[in-house]
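Q:
Protein chains: 2
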Amino acid sequence: MISKLIDRIVEKKAPIVVGLDPNLKFVPKHLIRSATDEKGETLEAAADAILAFNKSIIDATYDIIPAVKPQIAMYEQFGIPGLITYVKTVEYAHEKGLVVIGDVKRGDIGSTSEAYAIAHLGEIKIGETIHKPFDEDFATVNPYLGSDGVKPFVDVCNRCDKGIFVLVKTSNPSSGEFQDQIISGGAASEDTEDLDRLEGAEGTAATGRPLFELVADKVREWGSESMDGSYSNVGAVVGATYPGQGEIARRLMPHTYILVPGYGAQGGKASDLKPFFNKDGLGAIVNSSRGIIAAYKKEEYSSRFDEHHFADASREAAADMIIDITRAVGLD
Amino acid sequence: MISKLIDRIVEKKAPIVVGLDPNLKFVPKHLIRSATDEKGETLEAAADAILAFNKSIIDATYDIIPAVKPQIAMYEQFGIPGLITYVKTVEYAHEKGLVVIGDVKRGDIGSTSEAYAIAHLGEIKIGETIHKPFDEDFATVNPYLGSDGVKPFVDVCNRCDKGIFVLVKTSNPSSGEFQDQIISGGAASEDTEDLDRLEGAEGTAATGRPLFELVADKVREWGSESMDGSYSNVGAVVGATYPGQGEIARRLMPHTYILVPGYGAQGGKASDLKPFFNKDGLGAIVNSSRGIIAAYKKEEYSSRFDEHHFADASREAAADMIIDITRAVGLD
Chain A
340 MISKLIDRIV EKKAPIVVGL DPNLKFVPKH LIRSATDEKG ETLEAAADAI
390 LAFNKSIIDA TYDIIPAVKP QIAMYEQFGI PGLITYVKTV EYAHEKGLVV
440 IGDVKRGDIG STSEAYAIAH LGEIKIGETI HKPFDEDFAT VNPYLGSDGV
490 KPFVDVCNRC DKGIFVLVKT SNPSSGEFQD QIISGGAASE DTEDLDRLEG
540 AEGTAATGRP LFELVADKVR EWGSESMDGS YSNVGAVVGA TYPGQGEIAR
590 RLMPHTYILV PGYGAQGGKA SDLKPFFNKD GLGAIVNSSR GIIAAYKKEE
640 YSSRFDEHHF ADASREAAAD MIIDITRAVG LD
Chain B
340 MISKLIDRIV EKKAPIVVGL DPNLKFVPKH LIRSATDEKG ETLEAAADAI
390 LAFNKSIIDA TYDIIPAVKP QIAMYEQFGI PGLITYVKTV EYAHEKGLVV
440 IGDVKRGDIG STSEAYAIAH LGEIKIGETI HKPFDEDFAT VNPYLGSDGV
490 KPFVDVCNRC DKGIFVLVKT SNPSSGEFQD QIISGGAASE DTEDLDRLEG
540 AEGTAATGRP LFELVADKVR EWGSESMDGS YSNVGAVVGA TYPGQGEIAR
590 RLMPHTYILV PGYGAQGGKA SDLKPFFNKD GLGAIVNSSR GIIAAYKKEE
640 YSSRFDEHHF ADASREAAAD MIIDITRAVG LD
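Structure, rendered in structure tokens:
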């Protein structure tokens with residue numbers, strides 16, 4: 340599956356993904372009004388408004404972007420109707436030829452992770468009939484439970500040609516609380532010995548390494564079991580807000596695609612992104628959610644686009660992001 | 340909310356929770372046949388069979404147990420119909436007076452965790468109308484993203500009188516891969532200084548502590564912001580399969596309720612459970628899933644209960660578990 344994503348990135352010359360995280364406050368009032376007029380102040384009405392919002396944004400951007408990343412929490416908060424909109428969004432994005440990264444951050448003990456992997460990437464048999472419950476192309480995975488929580492996802496990647504992105508270093512302010520803790524005796528593996536110097540120069544303990552590096556080592560190990568061309572179907576999440584850690588992650592996992600959240604609204608700048616990419620110009624895909632789906636509310640675009648033209652503002656914001664990033668990382 | 344759970348545990352004299360993790364292979368064939376006869380080999384049929392299965396088990400056990408813990412992954416694998424069965428299971432358990440622990444293991448960056456907290460424990464307003472999307476009483480939470488991924492859940496606990504259980508040391512074989520890594524310079528906080536001796540005796544580095552202890556420190560800190568009687572609404576998950584770590588966790592978090600998975604099918608024994616409890620006989624609640632819901636398939640019960648009497652077998656297994664545990668921890 341990673342080779343399919345890379346093909347789309349190269350074809351569109353756009354190493355970006357649009358995060359479909361439709362908080363209701365981003366949805367223009369006329370869409371909400373039209374839905375509540377029909378269905379009252381119900382979860383169904385909210386879900387309908389969000390589906391209309393998503394479809395307009397997909398229609399306005401699908402020809403210039405390779406992928407979308409719906410964040411399932413934003414749908415789950417509207418209960419079953421919200422999750423129906425999630426499924427319909429995945430389907431609609433697929434109809435338009437987009438790769439879909441389900442930002443679900445699941446992870447559990449082995450048998451339970453297997454159920455999540457089936458839900459989002461796999462198949463389930465009822466009698467002799469096969470169903471694909473959510474059918475995203477990629478899912479994000481939380482590594483806290485270790486290998487037996489991640490391996491069932493890797494198995495499904497191999498069985499159904501899908502991919503995952505494992506959380507390594509997240510973009511949020513408190514991500515360092517556990518992820519940056521220095522592990523004593525966390526010896527570097529052979530092919531990362533050159534990193535010791537890099538870390539030494541950055542002042543971390545010569546004998547210890549932060550937790551996220553151990554997770555990165557594991558991602559490389561898991562990934563070796565699901566190669567698809569030069570890259571693995573097992574990717575990693577590293578936040579744009581931590582370019583130093585991005586550089587380390589890039590070198591620890593040379594064949595791992597990095598999904599980079601945190602650009603834009605969370606504070607990550609295009610100039611921070613170069614360390615996340617390999618010399619071949621590949622290796623990373625940068626997400627923006629609010630910056631694109633709520634572009635019509637930003638000063639930059641609000642003077643030219645009113646809320647009835649929110650999707651046009653999203654297209655322009657996506658185009659601007661592509662220029663901003665390809666220039667900064669030398670892909671233009 | 341924790342005081343409500345404790346009341347039920349004391350009233351029933353049963354520090355246990357029944358895990359409703361209905362893998363289709365646990366559901367008796369006659370229930371599956373009856374559902375597929377009506378709805379074909381569809382996800383809806385599977386979801387109907389599971390709902391009938393859950394209701395029978397709840398009917399057969401609700402008067403002797405305080406709580407159930409549906410594992411959402413097992414429902415998510417059946418897509419939207421599966422999640423509808425999850426919601427109906429939560430509702431039915433509530434009708435029968437049971438406390439419901441949603442085993443959802445969610446966790447994300449701040450704004451996204453807020454959406455998950457709203458989905459499972461909170462409320463969302465559409466216009467002037469308030470909805471409670473999933474409405475469990477407790478949810479399990481993954482701490483990998485740090486405080487800003489957990490705090491939105493704590494806020495909802497305070498606003499809506501709900502509770503959470505944060506993963507500290509999970510029951511699975513590979514949980515130590517990251518959770519047991521020794522953090523260098525992870526100094527013990529003042530009120531846990533006595534633990535240094537305990538750890539020293541167990542051979543861990545005198546200057547370092549495993550990651551799960553740092554998570555336990557944070558759980559205690561987060562929990563101090565949501566006290567409800569002698570215990571906090573912020574609980575912890577520590578697996579029965581690791582009684583040594585259970586003892587440490589118990590002492591690090593004196594006012595934290597511990598949800599203990601891993602008893603039974605995963606290998607945890609009643610004799611391992613004592614360290615998880617406080618001297619007041621409270622402080623822990625032990626989960627069993629397969630051991631109870633699939634009791635009719637176990638040698639112990641299969642000679643007396645055929646698959647048409649699966650729910651009676653579950654009742655007997657729950658009663659046996661209560662005796663086993665209360666005896667072992669000195670509560671009988």
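Those sequence lines, one after another, are chains A and B. Residue 594 in the working numbering sits at position 255 of the first sequence, and the numbers go up by one each step. Residue 524 in the working numbering sits at position 185 of the second sequence, and the numbers go up by one each step. Even for Gly, the Cβ is constructed at its ideal location relative to N, Cα and C. Only a predicted model underlies this, so the values are computations on that prediction, with no experimental measurement involved.
Can you find a CB in chain A that lies within less than 9 Å of the CB of residue 445 of chain B?
A: Numbered from its first residue, the second sequence carries residue 445 of chain B at position 106. So, interface residue.
Q: With 9 Å as the threshold, decide whether the Cβ of residue 421 of chain A is near any Cβ in chain B.
A: Within the first sequence, numbered from 1, the residue matching residue 421 of chain A stands at position 82. So, interface residue.
Q: Quick one: grab the DSSP three-state call for residue 470 of chain A.
A: Counting from 1 along the first sequence, the entry for residue 470 of chain A is found at position 131. In this structure, residue 470 of chain A counts as strand in the three-state DSSP scheme.
Q: Report the three-state DSSP secondary structure of residue 539 of chain B (helix, strand or coil).
A: For the purposes of this step, residue 539 of chain B is identified with residue 200 of the second sequence, where counting begins at 1. Because the pLDDT at residue 539 of chain B is just 40, under 50, the model does not fix this residue reliably, and the value given afterwards should be weighed accordingly. Here residue 539 of chain B sits in helix by DSSP.
Q: Of all the options A:473, A:449 and A:466, which has the alpha carbon lying nearest to the alpha carbon of residue 492 of chain A?
A: Residue mapping note: residue 492 of chain A aligns to position 153 of the first sequence, counting from 1. Nearest C-alpha to residue 492 of chain A: A:449.
Q: Answer yes or no: do residue 657 of chain A and residue 628 of chain A have a C-beta to C-beta separation smaller than 9 Å?
A: For the purposes of this step, residue 657 of chain A is identified with residue 318 of the first sequence, where counting begins at 1. For the purposes of this step, residue 628 of chain A is identified with residue 289 of the first sequence, where counting begins at 1. Result no, Cβ atoms of residue 657 of chain A and residue 628 of chain A do not sit closer than 9 Å.
Q: Does the beta carbon of residue 649 of chain B sit closer than 9 Å to a beta carbon anywhere in chain A?
A: The residue given as residue 649 of chain B occupies position 310 in the second sequence. No, no contact with chain A.
Q: For residue 388 of chain A, which residues of its own chain have a beta-carbon under 6 Å away from its beta-carbon, when the five flanking residues on both sides are left out?
A: Position 49 of the first sequence, counted from the start, is the residue given in the question as residue 388 of chain A. Cβ within range, chain order: 366, 370, 371 and 374.
Q: Go ahead and pull the three-state DSSP assignment for residue 422 of chain B.
A: The sequence position of residue 422 of chain B within the second sequence is 83, counting from 1. Of the three classes helix, strand and coil, the one that applies to residue 422 of chain B here is helix, per DSSP.
Q: Select from B:640, B:390 and B:610 the residue whose C-alpha is nearest the C-alpha of residue 670 of chain B.
A: Position 331 of the second sequence, counting from 1, holds the residue named residue 670 of chain B. If we check each option's Cα against that of residue 670 of chain B, B:610 comes out closest.
Q: Got a sec, what are the start and stop residues for the beta strand (DSSP E) residue 439 of chain B sits in?
A: Along the second sequence, one-based indexing puts residue 439 of chain B at 100. It spans 438-445 - the beta strand (DSSP E) in which residue 439 of chain B sits, taken as one unbroken run.
Q: Does residue 479 of chain B come out as helix, strand or coil in the three-state DSSP assignment?
A: Reading the second sequence from its first residue, position 140 is the one you call residue 479 of chain B. Note: residue 479 of chain B maps to strand in three-state DSSP.
Q: Please state if the CB of residue 409 of chain A and the CB of residue 304 of chain A are separated by a distance shorter than 9 Å.
A: Look at the range of chain A in this structure, 340 to 671, and you will see that residue 304 of chain A is not part of it.
Q: For residue 642 of chain A, count neighbouring Cβ atoms within 10 angstroms of its own Cβ and tell me buried if that reaches 16, exposed if not.
A: By 1-based counting over the first sequence, the position of residue 642 of chain A is 303. Exposed, by the Cβ-count rule.
Q: Per DSSP, what kind of secondary structure is residue 520 of chain A in: helix, strand or coil?
A: For this step, residue 520 of chain A is matched to residue 181 along the first sequence. Reduced to three states, the DSSP call for residue 520 of chain A is coil.
Q: Which two residues bound the contiguous alpha helix (DSSP H) that contains residue 393 of chain A?
A: On the first sequence, position 54 is the one that residue 393 of chain A refers to. From DSSP, the alpha helix (DSSP H) with residue 393 of chain A extends over 382-400.
Q: For residue 669 of chain B, return the contacting residues in chain A, with the cut-off set at a CB-CB distance below 9 Å.
A: Residue numbering aside, residue 669 of chain B sits at position 330 when the second sequence is read from its first letter. Those do not exist, as residue 669 of chain B stays about 29 Å from chain A at its closest Cβ, beyond 9 Å.
Q: Taking only beta-carbon atoms, is residue 536 of chain B less than 9 Å away from chain A?
A: Here residue 536 of chain B refers to the residue found at position 197 of the second sequence. Summary for residue 536 of chain B: the model assigns pLDDT 43, below 50, so the residue's position carries little reliability; its value from the coordinates is reported in the next sentence. No, residue 536 of chain B lies away from the interface with chain A (no Cβ there is under 9 Å from its Cβ).
Q: By how many angstroms is the C-alpha of residue 630 of chain B removed from the C-alpha of residue 603 of chain B?
A: The residue you call residue 603 of chain B lines up with position 264 of the second sequence. The residue you call residue 630 of chain B lines up with position 291 of the second sequence. Cα to Cα, residue 603 of chain B sits roughly 6 Å from residue 630 of chain B.
Q: For residue 584 of chain A and chain B, any beta-carbon pair shorter than 9 Å?
A: For the purposes of this step, residue 584 of chain A is taken as the residue at position 245 of the first sequence. So, not an interface residue.
Q: Distance check for residue 564 of chain A and residue 536 of chain A, CA to CA, integer angstroms please.
A: Within the first sequence, the letter at position 197 stands for residue 536 of chain A. Within the first sequence, the letter at position 225 stands for residue 564 of chain A. With a pLDDT of only 43 at residue 536 of chain A, under 50, the local geometry of the prediction cannot be trusted, and no value is derived from it.
Q: Which class does residue 504 of chain B belong to by DSSP, given the choice of helix, strand or coil?
A: The residue given as residue 504 of chain B occupies position 165 in the second sequence. Three-state DSSP puts residue 504 of chain B in a strand.
Q: What ranges does the beta strand (DSSP E) occupy inside the stretch 544-611 of chain B, keeping only unbroken runs of at least 3 residues that lie completely in it?
A: The stretch 544-611 of chain B contains these whole beta strand (DSSP E) runs: 547-549, 573-577 and 597-599.
Q: Does any CB atom of chain A fall closer than 9 Å to the CB of residue 511 of chain B?
A: The residue labelled residue 511 of chain B in the question sits at position 172 within the second sequence. Chain A contact via Cβ: present.
Q: Roughly how many angstroms lie between the CA atoms of residue 412 of chain A and residue 471 of chain A, to the nearest whole one?
A: For the purposes of this step, residue 412 of chain A is taken as the residue at position 73 of the first sequence. For the purposes of this step, residue 471 of chain A is taken as the residue at position 132 of the first sequence. Rounded to the nearest angstrom, the two C-alpha atoms are 20 Å apart.
Q: Give me the chain B residues within the contact set of residue 484 of chain A, using Cβ-Cβ distance strictly less than 9 Å, ordered along the chain.
A: Your numbering for residue 484 of chain A matches position 145 in the first sequence. What residue 484 of chain A touches in chain B: 444, 481, 506, 509, 511, 513, 514, 516, 517 and 518.
Q: Measuring CA to CA, which of B:578, B:580 and B:557 is closest to residue 571 of chain B?
A: Here the question's residue 571 of chain B lines up with position 232 in the second sequence. Residue B:557 is the option with its Cα nearest to residue 571 of chain B.
Q: Measuring only between beta-carbons, confirm whether residue 413 of chain A sits less than 9 Å from chain B.
A: Position 74 of the first sequence holds residue 413 of chain A. At least one chain B Cβ lies under 9 Å of residue 413 of chain A.
Q: Look at the alpha carbon of residue 660 of chain A and the alpha carbon of residue 644 of chain A, and state the distance between them as a whole number of angstroms.
A: Numbered from its first residue, the first sequence carries residue 660 of chain A at position 321. Numbered from its first residue, the first sequence carries residue 644 of chain A at position 305. About 17 Å.
Q: Report all residues from its chain with a CB closer than 8 Å to the CB of residue 513 of chain B; omit the five preceding and five following residues, and keep chain order.
A: Numbered from its first residue, the second sequence carries residue 513 of chain B at position 174. Closer than 8 Å at the Cβ level, and outside the excluded window around residue 513 of chain B, lies no residue.
Q: Of the residues A:553, A:444, A:615 and A:566, which one's Cα is nearest the Cα of residue 506 of chain A?
A: Here the question's residue 506 of chain A lines up with position 167 in the first sequence. Comparing Cα positions, the closest option is A:444.
Q: Anything in the stretch 553-565 of chain B with a Cβ closer than 9 Å to a Cβ of chain A? List those residues in chain order, please.
A: Under the 9 Å Cβ criterion, the stretch 553-565 of chain B contributes 553, 554 and 557.
Q: Can you have a look at residue 467 of chain B and say buried or exposed, based on whether 16 or more other CB atoms are within 10 angstroms of its CB?
A: In the second sequence, residue 467 of chain B corresponds to position 128, counting from 1. Residue 467 of chain B should be labelled exposed.
Q: Exposed or buried, which one is residue 393 of chain B when buried takes at least 16 other CB atoms within 10 Å?
A: Position 54 of the second sequence, counted from the first residue, corresponds to residue 393 of chain B. Residue 393 of chain B should be labelled buried.
Q: What are the start and end residues of the alpha helix (DSSP H) that includes residue 623 of chain B?
A: Counted from its first residue, the second sequence places residue 623 of chain B at position 284. Here residue 623 of chain B belongs to no alpha helix (DSSP H); instead the beta strand (DSSP E) covers 623-627.
Q: Could you compute how far the alpha carbon of residue 346 of chain B sits from the alpha carbon of residue 619 of chain B?
A: Walking along the second sequence from the start, residue 346 of chain B turns up at place 7. Walking along the second sequence from the start, residue 619 of chain B turns up at place 280. Looking at the two C-alpha atoms, the distance is approximately 14 Å.
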